[in-house]
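Numbering (this note's numbering), first residue to last: 372 to 472.
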């Protein structure tokens, strides 16, 4: 049902944000992307805008094992947006690489 709802929103011209890793990082690095991103692009081919959240590692919300007791409650978080990638060339590997940059 989630994929149908996403397709509906995209068809209506709305923006949809997903976290294609499907989980929080356990080491601060970007994990592999799940298949959901590909499925969304196949069903509703729209440009993909890669986004990266910077500054969360070591914060209250991270899974940094070295900071189990003293995590920062307030962290400066930056959202970095890359250039749109056309749906016909937006593979999980390419989008992941763009997010890493």
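The C-beta atom is built at its ideal place from N, Cα and C for all residues, glycine as well. As the structure is a prediction and not an experimental result, all values here were calculated from the model.
Asked: Residue 391 beta carbon less than 8 Å from that of residue 420; Found: no
Asked: Simplified DSSP assignment, three categories, for residue 458; Found: helix
Asked: Rounded Cβ spacing between residue 403 and residue 389 (contact assumed at less than 8 Å); Found: That belief does not hold up - the Cβ atoms of residue 403 and residue 389 are roughly 14 Å apart, past 8 Å.
Asked: Spatially closest choice to residue 411 from 450, 448, 426 and 386, by CA coordinates; Found: 386
Asked: Delimiting residues of the beta strand (DSSP E) encompassing residue 449; Found: 449-452
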